[in-house]
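Peer 1: Encoded as structure tokens, here's the structure I'll be asking about.
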Amino acid sequence: MQLFVVLSRLAWRYLWRNHRRTIVMLSAIAVGAWAMIFMNALTRGMVDQMIADGISVVPGHVQIHDPAYLDDPSINNLVALGDAELDARFKDAGFVAWASRVRVPAVITSERESRGVTLLGIDPEAERSFSFIDYEAVDGRFLEGPDDKGIVLGAKLANTLETRVGKRVVLMSQDPENEIADRGFRVVGLYHAEMEATEEAYAVVGKRTAQKMLRIGDAVSEVAFVGDDYRDVEPVYNKVAELVDASVKVSRWTEVDTYLGSMLGMMDGFLLIWVIVIFLALSFGLVNTLVMAVFERIREIGLMLALGMKPAMILGQILIESMMLLGVGLLIGDLLAWATIKPLEGGIDISIVAKGMEMFGAASVLYPNLDIDDVILSNVVVMILGFLASLSPAWRASRYEPVEAITKV
Amino acid sequence: MMTAVRCIDLCKTYRQGDQDIKALDHLSVDIEKGEFVCLMSPSGGGKTTFLNAIGGLDIPDSGEVWIAGERIDQMSKGELADLRLANIGFVFQAYNLIPVLTAQENVEFVMQVQGVPAAERHEKSYAILEEVGLKGLESRRPAEMSGGQQQRVAVARAIVSRPELVLADEPTANLDSKTSQELMELFTELNEHHNTTFIIATHDQRVQKYAKRLVRMLDGRIVDDVEQHAA
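If you're matching them up, the sequences are chains A and B in order. To convert, count from 1 in the first sequence and add 422; that's this note's numbering. To convert, count from 1 in the second sequence and add 63; that's this note's numbering.
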């Protein structure tokens, strides 16, 4: 411990011996750390939002379907569990939320236009806690129950169909016998979503109304479950798997929406690559600083060796110096990142590029997310790589012969 | 009497340009514990190389070096560092203080590496700095002290942990006569009261009179080795 104190004191003093160089290097590390964390927060915010939006559209962290549904999401692949049985199995199982729904492809027709959509038959009350639709922000009204005879469309879809609240539209799909199943609906509400694509995709009706129209009894297309964290769905998955038999397939959201799942993995990898790229730029400065710092004090290193310091202590001293430099730089960078991200957590308007962003599922307002895990990851990666980068100059310093070093001019 | 330093047939050759310089040429000598030896030679005579070999700072090309009964010329770097830390105090010609440490921290440096507790360290460092006439300058850094003051700090560092052997290379080269005298009296006192062995390489005639044994070197060889009554 005493030796560590000696080496730390020496390292700290030598760090400030050439304070200009140290300040320049600290600034570079701080800006690098800030850039890493800021970019991570932006990316994390964007990905979280994309995934949260995606999950709330899918929705849910875990779903059960007929085993063939994911390959063929048609009316023929249903879960034959009625409301009473669903309640008996899942009502008191402790999920944050769960809902069953009918979800089949359909065609919607107004008096002017037709579009292909996904027909969602829902129970509004069960769906409320994890729907992508803000019921209170609907133009007109939202569905009042599973037997509601109205239809709620996305504002963008209504615009495309040139219809509005109060007008009638016709939904057309197939029943299990491959016969046409259709019904006229009055548009009772228009919902708004973060992305126009979502507003165009869904036509939402009452679950029982949809079941009657499609002549499927009380069968549903899927049952969705929500847990505490979309990144850790295993507890929910395991619980659902315990409550169902082999007649249905239990899927995690990453399996239901493979695009979002792979995006999550890709973004996590991207963040690590980003951290490493920034570090590589920093490492040149770091190694150069250490090499110069060692070169400047070869005589003093020789003296310390002559006085009885072991080479390992010289190695330790240089490494501590490097860790101090990185530690202080990272601390400043962390604080800087916190100070710049916190005021932006209310959202950054990127509507000027929103069209482009929507192509890969991002919304027009970006909410930076300062995740402590990302901060720790950035700091740990930089410290570990910094340690490795410092080994070479530190090793060289410890290899000096005292008599040669002490007489160096 | 126990042998503090034994050198047997030491040879060391340096290459300078296209010339081989024999810094040590089959040099053999025994120095007993508690001796006060003055090494004298013209510049390039081999004094510093000899001191470096004894201190384990430089490895001879051939021959044997024994310190306190241990052969050191075959030791590893780590073992040599331990030996220097525990047994040898160095005073170099240039002051060779650590510039980022204060006078007191420089004096405590060796003790810190040795693991001496803080209270004992502080007590010893204050005492030795007072002894070498630097009371009140404990918190000054080397750059804030004169050459003589820096050399006294280096001496204080060398002797503060009471090593068995002190190797001094031109310790008075940058000191005025009064400070030189005080320094030599301090060395003499340590030699007489603590039985510390001193080997001092010097040109300084004033230093020679304090030595009990004068060893004259020329071209890496001992040409004269006499005992004398010290001043």
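No residue lacks a Cβ here, since even glycine has one placed at the ideal position from N, Cα and C. Quick caveat: nothing in here was measured; it's all calculated off a predicted structure.
Since A510 of chain A is in the alpha helix (DSSP H), which residue starts that stretch and which ends it?
Peer 2: Start and end: D505 to F512.
Peer 1: Rounding to the nearest angstrom, what Cα-Cα distance links P765 of chain A and A759 of chain A in this structure?
Peer 2: Roughly 11 Å separates the two Cα atoms.
Peer 1: Considering only DSSP beta bridges, list what Q485 of chain A is partnered with.
Peer 2: Paired residues: A:A646 and A:S673.
Peer 1: Quick one: measure Cβ to Cβ for P205 of chain B and G152 of chain B, integer angstroms, because I've assumed they're closer than 8 Å.
Peer 2: Contact flag wrong, Cβ pair sits at about 18 Å.
Peer 1: Give the range of the beta strand (DSSP E) segment to which S522 of chain A is assigned.
Peer 2: Here the beta strand (DSSP E) through S522 of chain A covers A519 to T531.
Peer 1: Once DSSP output is grouped into helix, strand and coil, what is the label at T76 of chain B?
Peer 2: Note: T76 of chain B maps to strand in three-state DSSP.
Peer 1: Count the other CB atoms, across all protein chains shown, that sit within 10 Å of the CB of E618 of chain A; report buried if there are 16 or more and exposed otherwise.
Peer 2: Its Cβ being crowded by 16 or more others within 10 Å, E618 of chain A is buried.
Peer 1: Quick check: the segment 149-169 of chain B against the segment 195-215 of chain B, are there 3 or more CB pairs under 8 Å?
Peer 2: Flag = yes, the segment 149-169 of chain B and the segment 195-215 of chain B touch.
Peer 1: If you check the beta carbons only, do L693 of chain A and D756 of chain A fall under 8 Å apart?
Peer 2: No, these two residues do not count as a Cβ contact at 8 Å.
Peer 1: Measuring alpha carbon to alpha carbon, tell me which residue in B:V229, B:L230 and B:L238 is nearest Q214 of chain B.
Peer 2: Out of B:V229, B:L230 and B:L238, B:L238 has the C-alpha closest to the C-alpha of Q214 of chain B.
Peer 1: Below 7 Å between beta carbons is the criterion; list the residues of the segment 87-112 of chain B that meet it against any residue of chain A, in chain order.
Peer 2: For the segment 87-112 of chain B, which is checked against every Cβ of chain A, not one residue is closer than 7 Å.
Peer 1: Please check the pair Q175 of chain B and Q424 of chain A, which I expect to be a contact at CB under 8 Å, by giving their CB distance rounded to whole angstroms.
Peer 2: Right, their Cβ atoms sit about 6 Å apart.
Peer 1: Out of A:G588, A:L788 and A:W675, point me to the one whose CA is closest to G768 of chain A's CA.
Peer 2: For G768 of chain A, the nearest C-alpha among the options comes from A:L788.
Peer 1: Taking C-beta to C-beta, are V173 of chain B and L148 of chain B nearer than 8 Å?
Peer 2: Result yes, Cβ atoms of V173 of chain B and L148 of chain B sit closer than 8 Å.
Peer 1: Beta-carbon within less than 6 Å of G751 of chain A's beta-carbon, same chain only, minus the 5 sequence neighbours each way: which residues are those?
Peer 2: Closer than 6 Å at Cβ, skipping near neighbours: L448, I451 and A452.
Peer 1: What are the boundary residues of the alpha helix (DSSP H) that K661 of chain A is part of?
Peer 2: Looking at the DSSP string, the run of the alpha helix (DSSP H) that includes K661 of chain A is E656 to L665.
Peer 1: At a CB distance below 9 Å, what residues from the segment 718-740 of chain A approach chain B? Give them in sequence order.
Peer 2: Of all residues in the segment 718-740 of chain A, R719, R721, E722, G724, L725, M726, L727, A728, L729, G730, M731, K732, P733, A734 and M735 have a Cβ within less than 9 Å of some Cβ in chain B.
Peer 1: Assign D556 of chain A to buried or exposed, taking buried as 16 or more other Cβ atoms, counted over all protein chains shown, within 10 Å of its Cβ.
Peer 2: Looking at its Cβ environment, which holds fewer than 16 other Cβ atoms inside 10 Å, D556 of chain A is exposed.
Peer 1: Does the distance from the CB of S496 of chain A to the CB of L541 of chain A come in under 8 Å?
Peer 2: Not closer than 8 Å, so no.
Peer 1: For the segment 120-140 of chain B, list every residue whose C-beta sits within 7 Å of some C-beta in chain A, in sequence order.
Peer 2: Those residues of the segment 120-140 of chain B that come within reach of chain A (Cβ to Cβ, closer than 7 Å) are L120, D121 and K140.
Peer 1: How is the alpha helix (DSSP H) around K764 of chain A delimited, first residue to last?
Peer 2: From DSSP, K764 of chain A is part of no alpha helix (DSSP H); its letter is neither H nor E.
Peer 1: Looking at V713 of chain A and the ligand NAD, is the gap between the Cβ and the nearest heavy atom below 7 Å?
Peer 2: No copy of the ligand NAD appears in this structure; indeed no ligand is present at all.
Peer 1: Could you round the C-beta distance between D260 of chain B and A67 of chain B to whole angstroms and report it? I think they count as a contact, below 8 Å.
Peer 2: This sequence places Thr at residue 260 of chain B; Asp is not what is there. Sure, about 4 Å apart at Cβ, within 8 Å.
Peer 1: Check the Cβ-Cβ distances between L228 of chain B and every residue of chain A, and say whether any is below 8 Å.
Peer 2: For L228 of chain B, the answer is no, since every Cβ of chain A falls outside 8 Å of its Cβ.
Peer 1: Comparing alpha-carbon positions, which option in A:I602, A:F460 and A:A646 lies nearest R523 of chain A?
Peer 2: Minimum Cα distance to R523 of chain A is reached at A:A646.
Peer 1: Taking only three categories from DSSP, how would you classify Y613 of chain A?
Peer 2: The answer is strand: DSSP assigns Y613 of chain A an E or B state.
Peer 1: Can you tell me whether DSSP reads G808 of chain A as helix, strand or coil?
Peer 2: The answer is helix: DSSP assigns G808 of chain A an H, G or I state.
Peer 1: Starting from R204 of chain B and walking both ways along the alpha helix (DSSP H), at which residues does that stretch end?
Peer 2: Where R204 of chain B is concerned, there is no enclosing alpha helix (DSSP H), given that its DSSP letter is neither H nor E.
Peer 1: Taking V587 of chain A as part of the alpha helix (DSSP H), name the residues at either end of that continuous run.
Peer 2: Per DSSP, V587 of chain A belongs to no alpha helix (DSSP H) and is neither H nor E.
Peer 1: Output needed for A433 of chain A: all residues of its chain with C-beta closer than 7 Å, excluding positions within five of it in sequence on either side, in chain order.
Peer 2: Only Q739, I742, E743 and M746 meet the Cβ criterion.
Peer 1: Can you pull the chain A neighbours of F250 of chain B, defined as C-beta to C-beta under 7 Å?
Peer 2: Within chain A, no residue comes near F250 of chain B; the closest Cβ sits about 19 Å away, beyond 7 Å.
Peer 1: Taking only three categories from DSSP, how would you classify H256 of chain B?
Peer 2: Helix at H256 of chain B.
Peer 1: Counting pairs of beta carbons, one from the segment 484-500 of chain A and one from the segment 797-817 of chain A, are three or more of them closer than 8 Å?
Peer 2: No, the segment 484-500 of chain A is not in contact with the segment 797-817 of chain A.
Peer 1: Determine the chain B residues that contact R439 of chain A at a beta-carbon separation under 9 Å, and present them in chain order.
Peer 2: Chain B residues near R439 of chain A: P162 and V163.
Peer 1: Counting only the same chain and skipping the five closest in sequence on each side, list residues whose C-beta sits under 7 Å from that of N791 of chain A.
Peer 2: Only A463, R466, G467 and D470 meet the Cβ criterion.
Peer 1: Rounded to a whole number of angstroms, what is the C-alpha to C-alpha distance between Y32 of chain B and K241 of chain B?
Peer 2: Because residue 32 of chain B is not part of the residues shown, which for chain B are 64 to 294, the question remains open.
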